[in-house]
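Working notes for the structure below.
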Amino acid sequence: MKHSTNSPVAVLGMGAMGAGLAGRLLDQGIQVRVWNRSADRIAPLAEAGAYPAAHPADAVAGTSVAICVVADGEALGAVLHGPDGVLAKGGYPGVLICASTVAPEEVVQIAGDVPSVLDVGMLGNRDHARDGELRLFVGGEERAFQTVRPLLETLGKEVVHLGALGSGMRMKLLLNLLMGIEVQALAEATELAGACGLDRQLVLKTIAGSGFASPVMAFKSRRLASGRFEEPDFRLRLMAKDLMLASKQAAAAGLSLPLATAAADTHVRATEQGLGDQDCAAVVRALTARSGTDT
Ligand SMILES: NC(=O)c1ccc[n+]([C@@H]2O[C@H](COP(=O)([O-])OP(=O)(O)OC[C@H]3O[C@@H](n4cnc5c(N)ncnc54)[C@H](OP(=O)(O)O)[C@@H]3O)[C@@H](O)[C@H]2O)c1
């Protein structure tokens, strides 16, 4: 079952990350079969040489590896179990890679229907995906991991097998917990700066160049400085999802994590305020009564 470059790979979901992954595979000379719920997002990949599948079952036909990279658990369920879903006509005989960030329990459930499943937490954005620069954290059985390891190594500059199925998601959720808290902290400091009469641009520049900034803060400070949150690198609604999942993991483990709870609440509220399809840095617009005015 070792992956060979002659065998096509299915990529399900042509959002920011799925399109990046599919583009990378095509660049490496690998045949790719792509599917997306909204057909218009397939066109650029089809022009680049991918087979445009009509539905998920069509996408996985004849493949030994399928990568699912849709938004959330609901979308994953639709892709697997919906009409013309991957499992509509029985099981999938290849390795199913869940690269969507979902609850660890959801990927464990899939293993009941698909013999070879891996969950892959992706660290990086669409550009990293396009350039094979992701860091990939994998959960699942050793045999399935070894089968797709060469493929994963074309997609990531670091590939780490963490252990049991669900581990990749657990790692990804705690990484995004950090990111969500950091970006919200940056947004809060910026709001405070404005409220105190300090120059926001100067404050953002100072934070980005300080020892307090993480690389993600320095990166997101550019979004906050420009006030441009369209064409998201990472949609705010997806950050809200991940913060909620991380909070649930904490609660299930009997932990009380106040920052996780606060960040999840803020991002859920921001999504309810209509900011869900903007970049996650738009959380700043949910912080004050002056929402959406001058940030
Ligand atoms: N962006 C990042 O930096 C990043 C990094 C690591 C991990 N992730 C994770 O990777 C996954 C994809 O993220 P993304 O940034 O690529 O998201 P995105 O750009 O928002 O794309 C979401 C994808 O999910 C599809 N989708 C949503 N609901 C669906 C449903 N009910 N049925 C079928 N398809 C559905 C969308 O299809 P339509 O085009 O039809 O809407 C689209 O293909 C998420 O789980 C995210 O948390 C993202």
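Residue numbers 242 to 536, in this note's numbering, belong to the letters of the sequence shown in order.
Cβ atoms here follow ideal geometry from the backbone N, Cα and C, with glycine treated the same way.
Just so you know, these numbers come straight off a predicted model, no measurement behind them.
Ligand 1 heavy atom lying under 7 angstroms from the CB of residue i
i      : result
ASP483 : yes
VAL310 : yes
LEU537 : The structure shown does not extend to residue 537, since the chain spans only 242 to 536, so no value can be given for it.
SER455 : no
PHE378 : no
ARG278 : yes
SER341 : yes
MET363 : yes
VAL320 : yes
ASP313 : yes
ALA254 : The amino acid occupying residue 254 in the given sequence is Gly; Ala does not appear at that position. At least one heavy atom of ligand 1 is nearer than 7 angstroms to the Cβ of GLY254, so yes.
ASP360 : no
GLY259 : yes
PHE475 : yes
ARG367 : yes
ALA463 : According to the sequence as given, residue 463 is Arg; it is not Ala. For ligand 1, not one heavy atom lies less than 7 angstroms from the Cβ of ARG463.
ARG411 : no
ARG441 : no
ALA316 : yes
ARG469 : no
ARG371 : no
ARG282 : yes
Any C-beta of chain C under 8 angstroms from that of residue i
i      : result
LEU375 : Included in the structure is just one protein chain, with no chain C present.
Residue(s) in a DSSP beta bridge with residue i
i      : result
ASP520 : ARG476
VAL549 : This structure gives no information on residue 549, because the portion of the chain shown stretches from 242 to 536.
SER357 : VAL336
Beta-carbon separation (whole angstroms), residue i vs residue j, contact threshold 8 angstroms
i      : j      : result
SER255 : VAL275 : Per the sequence shown, the amino acid found at residue 255 is Met instead of Ser. Correct: roughly 6 angstroms between the Cβ atoms.
GLY515 : ARG478 : Contact doesn't hold; Cβ gap of about 10 angstroms is too wide.
LEU414 : THR342 : 7 angstroms
MET412 : GLY362 : 5 angstroms
LEU337 : PHE378 : About 17 angstroms; that fails the 8 angstroms criterion.
LEU486 : THR431 : Rounded, the Cβ-Cβ distance is 26 angstroms, inconsistent with contact.
GLY326 : ALA316 : 11 angstroms between Cβ atoms; not a contact.
Open item on the list: If we require 4 or more residues per run, which alpha helix (DSSP H) segments fall completely within the stretch 255-340?
Closed with: Listed in chain order, the complete alpha helix (DSSP H) runs (minimum 4 residues) inside the stretch 255-340 are 257-268, 284-288, 297-301, 314-322.
Task: Contained alpha helix (DSSP H) runs [length at least 4] in the stretch 359-404, N- to C-terminal order - done: 367-372, 383-396
- [ ] Output the residue ranges of the alpha helix (DSSP H) runs that lie fully inside the stretch 433-503 and measure 4 residues or longer, sorted by chain position.
- [x] 441-449, 456-467, 477-493
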